[in-house]
Every structure is written in C-alpha cells, then in structure tokens.
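A.B. asks:
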Amino acid sequence: LDDSTKQPLKNVHVSLGGATAVTDAEGNATVKQAKLGPTILTIEKSAFAPISRAYTVGWGSNPQGSFNLTPTGIQYSFTIKDFLSGKPVSKVEADSGEASAISDNNGLIKLTLEKPSEDSFTVTIKGDNYRQEQLTINVSDKAAHDLKLVPSHKQTYISKRSGKFDIYGVYIDGKEDKLVLAGTGSERENDLVLVPHPTDNVVAYVSTRANQHNSDNFLLSNLILINTDTNATTSITASERVQIVGWSGDRLVYVQIAAGASANNPKRYRLMSYSYKDQTNKELASSNYFNDVVAVGDAIYYAPSSAYQSNKAALYKVNADGSNLQTIFNQEVWNIIRTSYDHLALAVQQQWYDFKLGDKGPTKLNDAPANQLPRVYIDSPDGKHSAWIDNRDGKGVLLNYDANSKSDVVLKSQSGLTYPVAWLNDNILVYRVKTDQETADYAISLNGGDPVKIKDVTNAGGIDRWYYY
Numbered sequence: 401l402d403d404s405t406k407q408p409l410k411n412v413h414v415s416l417g418g419a420t421a422v423t424d425a426e427g428n429a430t431v432k433q434a435k436l437g438p439t440i441l442t443i444e445k446s447a448f449a450p451i452s453r454a455y456t457v458g459w460g461s462n463p464q465g466s467f468n469l470t471p472t473g474i475q476y477s478f479t480i481k482d483f484l485s486g487k488p489v490s491k492v493e494a495d496s497g498e499a500s501a502i503s504d505n506n507g508l509i510k511l512t513l514e515k516p517s518e519d520s521f522t523v524t525i526k527g528d529n530y531r532q533e534q535l536t537i538n539v540s541d542k543a544a545h546d547l548k549l550v551p552s553h554k555q556t557y558i559s560k561r562s563g564k565f566d567i568y569g570v571y572i573d574g575k576e577d578k579l580v581l582a583g584t585g586s587e588r589e590n591d592l593v594l595v596p597h598p599t600d601n602v603v604a605y606v607s608t609r610a611n612q613h614n615s616d617n618f619l620l621s622n623l624i625l626i627n628t629d630t631n632a633t634t635s636i637t638a639s640e641r642v643q644i645v646g647w648s649g650d651r652l653v654y655v656q657i658a659a660g661a662s663a664n665n666p667k668r669y670r671l672m673s674y675s676y677k678d679q680t681n682k683e684l685a686s687s688n689y690f691n692d693v694v695a696v697g698d699a700i701y702y703a704p705s706s707a708y709q710s711n712k713a714a715l716y717k718v719n720a721d722g723s724n725l726q727t728i729f730n731q732e733v734w735n736i737i738r739t740s741y742d743h744l745a746l747a748v749q750q751q752w753y754d755f756k757l758g759d760k761g762p763t764k765l766n767d768a769p770a771n772q773l774p775r776v777y778i779d780s781p782d783g784k785h786s787a788w789i790d791n792r793d794g795k796g797v798l799l800n801y802d803a804n805s806k807s808d809v810v811l812k813s814q815s816g817l818t819y820p821v822a823w824l825n826d827n828i829l830v831y832r833v834k835t836d837q838e839t840a841d842y843a844i845s846l847n848g849g850d851p852v853k854i855k856d857v858t859n860a861g862g863i864d865r866w867y868y869y
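Terminal number for the sequence shown in our numbering: 869, no gaps in between.
1. Quick check on this structure: which residue in VAL523, LYS487 and PHE483 has the alpha carbon closest to the alpha carbon of ALA501?
2. Indicate the three-state DSSP secondary structure (helix, strand or coil) for ASP591 in the structure shown.
3. Would GLY427 pass as a contact of LEU409 if the rule is Cβ separation under 9 Å?
4. Which class does GLU533 belong to by DSSP, given the choice of helix, strand or coil?
5. Please state if the CB of ILE854 and the CB of GLN555 are separated by a distance shorter than 9 Å.
6. Going by DSSP, name the residue or residues bridged to PHE478.
7. Would DSSP call SER517 helix, strand or coil?
8. Do you know offhand how far ASP546's Cα is from LYS526's?
9. Quick one, which of GLY473, ASN665, THR727 and ASP802 has its alpha-carbon nearest LYS542's?
10. Can the beta-carbon of ASN735 be found closer than 9 Å to that of GLN772?
11. Kindly indicate which residue of SER461, PRO463 and THR423 has the alpha-carbon position closest to the one of ALA499.
12. Look at the Cβ atom of ILE443, then the Cβ atom of PRO450, and state whether they are nearer than 9 Å.
13. Count the other C-beta atoms from every protein chain shown that fall within 10 angstroms of the C-beta of GLN407, then say buried if there are 16 or more, exposed otherwise.
14. Within 8 Å, do at least three Cβ pairs link the region 578–587 to the region 601–613?
15. Could you check the C-alpha separation between ASP573 and ARG865 for me, to the nearest Å?
16. Grab the span of the beta strand (DSSP E) containing ASN622 for me, first residue to last.
17. Rounded C-beta distance between VAL857 and ILE558? I'm assuming under 8 Å.
18. Are the CB atoms of ASN688 and GLN656 within a distance shorter than 9 Å?
19. PRO774: which of VAL694, TYR831 and LYS795 sits nearest, CA to CA?
20. Have a look at ILE778 and LEU469 and give me their C-alpha separation to the nearest angstrom.
21. Opposite ILE382 in the DSSP bridges: which residues?
22. Mapping DSSP to helix, strand and coil, what is ARG453?
23. Between LYS361 and TYR476, is the Cβ-Cβ spacing less than 9 Å?
24. If we count Cβ pairs, one from each stretch, closer than 8 Å, do we get three or more for the region 486–493 versus the region 512–522?
25. Taking the beta strand (DSSP E) that LEU824 belongs to, which residues open and close that run?
26. Quick check on LYS812: buried or exposed, where buried means 16 or more other Cβ atoms within 10 Å of its Cβ?
27. State yes or no: is the C-beta of ASN631 within less than 9 Å of the C-beta of LEU619?
28. Quickly, what does DSSP pair TRP866 with across the bridge? List them, please.
29. Looking at the unbroken beta strand (DSSP E) that takes in PHE729, where does it start and where does it end?
30. Provide the residue span of the beta strand (DSSP E) that contains HIS413, from first to last.
31. Quick one, are the C-beta atoms of VAL412 and PHE448 less than 9 Å apart?
32. Who are the Cβ neighbours of LYS548 in its own chain at under 6 Å, not counting the five residues just before and after it?
33. Tell me whether the beta-carbon of ALA713 lies closer than 9 Å to the beta-carbon of ARG651.
34. Below 8 Å on the Cβ atoms is my guess for SER922 versus ASN827; work out the distance and round it to an integer in Å.
35. If you compare alpha carbons, which of GLU640, GLY418, PRO598 and LYS764 is closest to ASP616?
36. Using only alpha-carbon positions, find the residue among ASN506, GLU732 and VAL570 that is nearest to ARG750.
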C-alpha cells in the first residue's frame with residue numbers, strides 16, 4: 401500500500417527465498433516455490449523507500465499481511481469525480497507508464513514519480529465504465545488536477561443537420577461527435593427506430609433507407625445492426641413492418657410482417673430472435689397477427705390471434721433463444737397491459753385477469769384496470785433497476801424502479817419528457833425531451849446531480865408499446 405494514501409500499489413517487486421513476484425492492481429503478490437529456511441524479504445518500487453527484512457520460510461502458505469511503502473519521489477495529485485453526479489469516483493487508476501496510483505473513496509489520487517527526465521509527462525486516467533482520459537502534466541506543476549469522467553458508452557442518435565437522416569455517436573459531454581452511418585435520402589421520418597444494445601457497441605436500426613419495394617410497390621422497412629466500433633452494418637430483414645421488442649443478452653427480439661403475404665396467411669406475423677454474435681435468426685412464433693407482445697426481463701409474452709389459426713389461441717411465454725416455451729393462459733388474450741413491474745393485466749373479451757410474474761396462472765379481476773396504458777420498463781444492464789415514464793399533471797415523469805426495495809423513485813419531471821429511454825451503464829440513463837422548442841436527448845445519473853443535455857436529435861422511436869396502443 402502507498403503509505404500516503406493507503407491505496408494499493410501495482411507493479412511492486414517482491415522477492416523471497418530466491419523467488420519473485422509483482423503486485424497486481426489490488427496490490428497483491430504471491431511468491432511461489434520460495435526456498436525453505438532463513439532468507440530476506442525485499443519489497444521495491446521506484447520512487448518509494450524499499451523494505452528489507454529477515455524472514456524464515458516454512459512449509460505451506462506463508463501469509464505476510466500488508467506493507468506500507470513510504471513515498472520518496474515527487475507526488476502529483478488528481479481529484480476524480482463523476483461528470484453527472486459530481487460525486488467522487490474510487491478505484492480509478494492514473495498511469496504514467498513509469499508509475500501508477502489508484503483513487504481513494506474521496507476520488508483522490510497521489511501519483512509518485514522519480515524526477516522525470518523531461519519537462520512534461522503524460523498521465524492516462526482509467527476507470528471501469530468510464531472514458532479513458534489523457535493529461536499532459538508539466539513537471540513543475542504541483543497543483544491538484546480536477547477531472548470529471550464520463551461513461552465509456554456513447555449515445556447513438558439520429559440527426560438531419562446534413563439534410564439527410566444520419567446516425568451519430570457522441571459522449572454525454574458532447575465530445576467526439578462522429579458520424580456512424582450516413583443517410584441515403586430514402587428514410588421516412590416516421591419509420592425511424594434506433595435501439596442500442598444495453599452493454600455492447602451495437603445498435604439495431606429500422607428505416608426505409610434501402611428504398612426496397614414489394615411486388616405491390618409497398619415501401620419496405622429494413623432492420624439492420626450497426627457495430628458502432630467499426631461502423632459496419634449487417635442486414636437482418638426487410639418487411640412491410642418491423643417492430644423491435646427488445647434486447648435479451650446477445651439476442652434482438654422483433655416482430656416482422658411478412659412482405660407480400662396475403663391477409664389470411666397464418667404466418668403473416670413472425671416473432672423473431674436474432675443473435676448478433678453468431679448471426680443466426682430464429683422464429684419464436686408466428687400468427688396471422690399478434691394481439692400483443694411484451695418483453696419482461698429475458699422472457700417474451702405473446703398473444704396470437706385466433707384468426708386463420710388451426711391451433712387454439714392462448715397466452716404464451718418463451719425465452720429469447722426459443723427455450724422454455726410455456727402456456728400461461730389457455731384463452732385468447734386481446735391485450736397484455738403491464739400495470740406494475742411484476743404484474744400483467746390480461747384482457748379476455750369483456751373480462752380482465754391479473755397475472756403476477758412467477759405465478760402458475762392468472763386470477764380474475766372484478767373490474768378493468770384504472771389505467772389501461774401499458775407501462776414500458778427498460779431494465780438496467782445489471783438488472784437492479786428499471787426505468788419507466790409516467791404522465792402526471794401534464795408532464796412526463798421519469799421513474800427508477802429499484803428491484804431490491806421494490807419501489808419507485810422519481811428522477812425527473814419535465815414537460816415533453818418521453819420515450820425512448822436507454823441505459824449507458826448501470827447508473828446513467830438517457831431520455832428524450834420533445835417540445836415545441838426542442839427535440840433532444842438528456843443524460844441523468846441515479847447518483848444525483850442535474851440532467852445534462854447531450855444533443856438535439858431527430859425524434860426516432862425506441863422500445864415502445866405494442867403498436868396497437
């Protein structure tokens with residue numbers, strides 16, 4: 401440990417009984433196959449006073465506990481905070497190539513160096529889920545350096561500032577705003593849907609950019625995936641309509657209406673699951689049409705219509721990979737309304753049923769739900785939170801559902817606040833504001849602080865209610 405900060409030191413050289421080791425990022429080193437008997441334990445790192453002491457190596461494990469190294473070199477200080485919340489960030493590393501140091505719970509880093517040979521040196525700041533930063537420090541500059549870190553995940557958005565509907569990627573502080581995919585000029589604004597993967601740099605995009613038509617000259621929607629690291633695209637399907645249901649791990653779940661299929665085709669609607677890692681597509685279900693489709697966690701609930709079907713219509717549940725197919729309710733369900741995080745209201749003709757997730761089946765309700773507009777929950781990557789939007793007193797209200805406490809917390813109430821909602825990491829959300837004055841994306845942190853406007857955007861869709869609503 402650094403005696404001045406009590407934080408772990410990596411790349412510390414440890415030798416004992418003729419064997420050596422180097423500490424990892426947590427400051428731990430394990431010396432193996434040391435010779436038995438009396439020896440000298442030495443601990444050395446540049447710019448720190450070495451430790452040397454006599455020690456006798458015995459059989460088996462020889463735990464040594466902690467050692468504090470006293471800095472002897474020049475120290476440079478950095479204070480690390482989160483860009484949105486303004487709170488300190490711990491376990492962030494400052495690395496000069498020659499030396500490194502870790503931030504404490506107050507976000508403080510003290511980097512200790514031997515006197516540099518040049519007038520300045522470069523320090524790289526690295527933290528999990530944060531964008532990597534580089535600073536050039538003058539050797540004589542001993543003042544503390546304040547730095548605010550932004551998420552490593554970019555926000556992807558659509559803009560028509562070039563005259564076409566182009567896709568861009570940008571960090572939430574507005575830096576590195578770069579073109580991802582240029583528009584073709586064939587995109588219809590009302591058909592644009594953009595759904596980023598919750599953790600990976602992959603985006604699902606629905607548009608009419610290919611200008612494809614079926615035999616009846618109907619303009620088709622194209623579903624493609626964009627790798628935002630390479631800007632490479634993969635075409636998945638072209639159909640009369642494509643609705644994205646959501647991401648489940650590596651799989652994108654969507655519904656397509658078969659191009660050119662007649663109205664009485666029993667497979668006109670297809671519920672599909674595409675794995676972007678192995679580029680395979682799987683049909684989960686088909687029907688003349690689906691009354692409703694809802695993604696809940698990793699499960700997909702769907703209600704096929706009875707029209708032109710040989711099998712009896714029912715409410716089904718299936719995993720995104722096609723496994724664990726279950727019949728939840730052996731009647732035709734007209735609507736699936738998510739009334740809370742773990743409850744679904746089911747409309748069966750003039751009757752209503754409540755289904756609690758995890759139960760064997762639904763129970764009948766005396767009355768219809770007071771609010772028949774389904775909630776759309778967007779789960780955080782770690783599954784500990786879920787964001788949804790309500791409308792209260794004429795304003796959009798962004799709420800965070802905590803899976804542990806099973807309660808909602810209002811994050812923001814604002815005129816024009818609406819879907820789509822997406823997570824940049826486990827703590828940071830992006831939401832849309834659409835008013836007469838602006839259409840823009842904003843970022844907000846669960847850890848506090850004010851929302852920050854990212855960019856003015858085109859109002860493309862995202863994960864939403866089944867399109868009959």
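Glycine is no exception: its CB is placed at the ideal position from the N, C-alpha and C atoms. All values reported here derive from a predicted model rather than from experimental measurement.
C.D. replies: For this structure:
1. VAL523
2. helix
3. yes
4. strand
5. yes
6. ILE509 and HIS545
7. coil
8. 14 Å
9. GLY473
10. yes
11. THR423
12. yes
13. buried
14. yes
15. 30 Å
16. 621–627
17. 6 Å
18. no
19. VAL694
20. 47 Å
21. The structure shown does not extend to residue 382, since the chain is modelled only from 401 to 869, so the question has no answer here.
22. strand
23. Look at the range of the chain in this structure, 401 to 869, and you will see that residue 361 is not part of it.
24. no
25. First-last for LEU824: undefined, no H or E at that position.
26. buried
27. no
28. According to DSSP, which records beta bridges pairwise, TRP866 is partnered with nothing at all.
29. 726–729
30. 413–416
31. yes
32. LYS481 and PHE483
33. no
34. Nothing about residue 922 can be read from this structure; the chain reaches only from 401 to 869.
35. GLU640
36. According to the sequence shown, residue 750 is Gln rather than Arg. Of ASN506, GLU732 and VAL570, the residue nearest in Cα terms is GLU732.
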